[in-house]
Amino acid sequence: MALGLIGFGAPAVGQVVPDATLGAERSRVSPDAMVRGASSTLIEGGAVRGSNLFQSFQEFNVGDGQRVYFANPIGVQNIFSRVTGANASNIFGTLGVAGGANLFLLNPNGILFGPNAQLDIRGSFLATTGDRVVFSDGNTFGASNPQAAPLLTMSAPVGVQYGAGAATIRSQANLAVGQDLTLAAGNLALQGRLQSGGNLTLQAQDTVQIRDSASQPFTATAGSRLLIQGDRSVDIFALNHPLSGFFAGGDLILRSANTVGGDAHFQSGGNFRIEQMDGTAGNLFSPHDPVILANGDVTLGDYSGASLHILAGGSVTLGNISITGTGTTNDTINPGNPDPFLASLATVQLSNGETILLNGSTSSTLDVRAGVNWSQLPGFPGNTGIGIAAPPTTLATSANIVLGDVDFTSPSGGMVFISNQYVPNGLLPLSSEISVGAIDTGGNSAGGAIVIDARDRLTTQGLLITSAFSANGSSGNVLLRAGGDLRVMDDIDAASVAINDPNTLLGTSGNVDVWAGGSLTLSQGANIFVNGIASGDVTLKSEGDIQIANSVIDSTSASNDVPGNASSFSTVQIESLSGSVFLSNVEVSATNAGSANAGDLFIKASNRIEIANSKISSDGYLGRIFIGS
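Heads up: the sequence shown at position 435 corresponds to 435 in our numbering, and the numbers run straight through without jumps.
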């Protein structure tokens, strides 16, 4: 929806015209007052009711370079101002309060904040195109049907109500307040910068649209909660400038009835959530690249878009995920990112000491990390460096990760990294677990890798595919590690194209490496395939028992390499380091269908090995099988 972010036109001439609705208590304008050491227009008078001051205007504008302040009588905590005329308010200069009161600006015709607009407000500020403010005693202060002074109230405000066809708030300004900042309208069309010492709320009955540019960043910085709500649509693109982003000391929430468009970087000192209007998880679409960093939990529904990076101090809960491509160097976590903090997150050490490198700009990437100890990293979500340095506000309670199905649409597949072992927070429960659905990183030219590193239990509930589908492609590796029990409930397919003829050119398969600190189980019918012209290795190791039933583990190769060349054959290893191995109705093969070496096959256990109704084979040149302790 085009909301006309650009083209504010010539700056408006400052004009503040009181109306007659408050009678003898009408607003008064003093054009030559001194406020905070500078010449200003001072608004006085109005109707005082308890700690509330009511002001009413026919026209309300602030010209470029003009300073307009509301007087703040002793005892007044809230100043309510309404525009009862037919024109929008154009704020191109400084709007302020000569004291610490909160200011409410109500104009149903629209409000425009020009590029030079500023707020000098130590309290909170609410600008709205609603037509009335509602109070706790049921009274209202409205602009469409303005009340006379005797009907005004001493009660606290509780909300805003809208008439038909609520107007738009547009802003290119840098707006900052001491406490809460709220922009509420039919639509919001925003550029520039917004900053609040407390909560920052951007709420639209229809659409919130946010844009930056190469020369002008967009930033939204909240000392506490940041809420962006577009009842029909949230449409964000803020990746043109390296300083653009959304920063909250507390929770950061994007809310809409429909899928949220969120091309931006988000940092939350609390929880991060995409949610629907009823509070249930909402979906996110980002055709470029979002980076989500949170001190607390991260929750969203389905995701579709470019490389996705999530680092959470708490848990991560996602729906189904479709990765459509890469992002740019400036937008992703990668070693070449000009932001040193984001670049530092690209190098990852796994719990086994192995190091991997993530690059969302060259490889389509799903990067999900939970239970992160932010105090051990050079940056912290909520501490923006350009606004408010916010301390942690949320104490995470778990590092659980729950994901739905994951697929990649790029020809070369992609990279999946899922971990609650990255710089782990030792204060979180060791029982934190990971559960994932099906993951498909397969591609025509190459398959991508799947790496899952779990603090405790790990369950893979769907098919894991890293296969290359072209005749000379290379499949990706699968690495699964669990500090506790590990259960594989569906196939792992790291094979290349199917073998029909050993003389046919085939691709190289990936390796499958599975390790569990507890027990390791391949559930009924879960198979492992690493067959190809050069087949991959399969390693299944566990500190506890290994149980495999009704499964196939196939490392068949079709290599015609020189017999005896060790690089041409694979290894299948099934080993319980402190427990037993139980195989029932299982087929394990390290066969070579070509002329080169067959693979080695090892089955080991610290305690006992039970093999029933199973076939263990390594057919071909020098195929070897070892079974024992």
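We put the beta carbon where it would ideally sit given N, CA and C, even for glycine. As the structure is a prediction and not an experimental result, all values here were calculated from the model.
C-beta contact flag for residue i and residue j at 8 Å
| i | j | result |
| --- | --- | --- |
| Leu106 | Val133 | yes |
| Ile546 | Val588 | no |
| Asp251 | Asn271 | yes |
| Ser431 | Ser364 | no |
| Gly628 | Gly599 | no |
| Ile292 | Ser307 | no |
| Ser467 | Thr508 | no |
| Phe80 | Gln58 | no |
| Asp407 | Gly462 | no |
| Pro242 | Ala167 | no |
| Ile43 | Tyr69 | yes |
| Ser551 | Ser535 | no |
| Ala526 | Asp490 | yes |
| Asp485 | Ser523 | no |
| Ile333 | His309 | yes |
| Ser576 | Ser614 | no |
| Gly313 | Asn425 | yes |
| Glu433 | Asp453 | no |
| Gly279 | Gly301 | no |
| Ala71 | Ala98 | yes |
| Leu239 | Ala204 | no |
| Leu227 | Thr259 | no |
| Thr219 | Gly245 | yes |
| Ile492 | Leu464 | yes |
Whole-angstrom distance between residue j and residue i, CA atom to CA atom
| i | j | result |
| --- | --- | --- |
| Thr384 | Leu350 | Below a pLDDT of 50, predicted positions are generally treated as unreliable, and Thr384, at 44, falls in that range; no measurement from the model is reported. |
| Gly305 | Gly327 | 9 Å |
| Ala566 | Asp619 | Confidence at Ala566 is low in this model, with a pLDDT of 49, below 50, so its placement is unreliable and the value that follows should be read with caution. Their Cα atoms are separated by approximately 16 Å. |
| Ala399 | Ser315 | 4 Å |
| Leu152 | Ser30 | 24 Å |
| Ala248 | Pro73 | 33 Å |
| Ala257 | Ser233 | 7 Å |
| Ala294 | Ala438 | 26 Å |
| Thr128 | Phe266 | 25 Å |
| Ala173 | Thr140 | 30 Å |
| Thr393 | Asp537 | Confidence is the limiting factor: at Thr393 the pLDDT is only 48, short of 50, which leaves the residue's position unreliable, though a coordinate-based value still follows. Whole-angstrom Cα-Cα distance: 46 Å. |
| Ile253 | Asp297 | 12 Å |
| Ile236 | Leu358 | 25 Å |
| Gly483 | Ser196 | 43 Å |
| Thr355 | Leu428 | 23 Å |
| Gly50 | Val17 | 25 Å |
| Ala143 | Phe125 | 18 Å |
| Ala20 | Arg26 | 6 Å |
| Gly100 | Gly123 | 5 Å |
| Leu53 | Met154 | 9 Å |
| Gln216 | Pro338 | 18 Å |
| Gly23 | Ala47 | 9 Å |
| Asn472 | Thr362 | 21 Å |
| Gln178 | Gly198 | Checking the displayed sequence, the identity of residue 178 turns out to be Gly instead of Gln. Cα to Cα, Gly178 sits roughly 7 Å from Gly198. |
| Phe104 | Gly192 | 21 Å |
| Ala281 | Gln77 | 37 Å |
| His288 | Gly261 | 10 Å |
CB-CB length for residue i against residue j, believed under 8 Å
| i | j | result |
| --- | --- | --- |
| Leu188 | Gln209 | 7 Å |
| Gly96 | Ile121 | 6 Å |
| Asn116 | Asp64 | 6 Å |
| Ser496 | Gly532 | 3 Å |
| Ser584 | Ser606 | Contact doesn't hold; Cβ gap of about 20 Å is too wide. |
| Phe113 | Leu175 | 6 Å |
| Val530 | Asn511 | 7 Å |
Short CB-CB distance (under 8 Å) between residue i and chain B
| i | result |
| --- | --- |
| Asn90 | The chain labelled as chain B is not found in the depicted structure, where only one protein chain is given. |
Residue i CB to nearest heavy atom of the ligand ZN below 7 Å
| i | result |
| --- | --- |
| Leu318 | This structure simply doesn't include the ligand ZN, nor any ligand for that matter. |
One or two residues paired with residue i in a DSSP bridge
| i | result |
| --- | --- |
| Thr21 | Its beta-bridge partners do not exist; DSSP assigns none. |
| Tyr69 | Leu42, Gly96 |
| Glu275 | Arg255, Ala281 |
| Tyr303 | Leu284, Ile321 |
| Arg82 | Ser56, Leu106 |
| Ser535 | Paired residue(s): none; Ser535 is not in a bridge. |
| Val583 | In the sequence under discussion, the amino acid at residue 583 is Leu, which differs from the Val named in the question. Beta-bridge pairing links Leu583 to Ile548, Ile611. |
| Trp515 | Arg481, Lys541 |
| Ile434 | Ile401, Leu458 |
| Ala189 | Arg170, Gln209 |
| Thr571 | Asp600 |
Does the pairing of the stretch 435 to 451 with the stretch 338 to 345 give three or more beta-carbon distances under 8 Å?
no
Does the stretch 356 to 373 come within contact of the stretch 402 to 420, defined as at least 3 CB pairs closer than 8 Å?
yes
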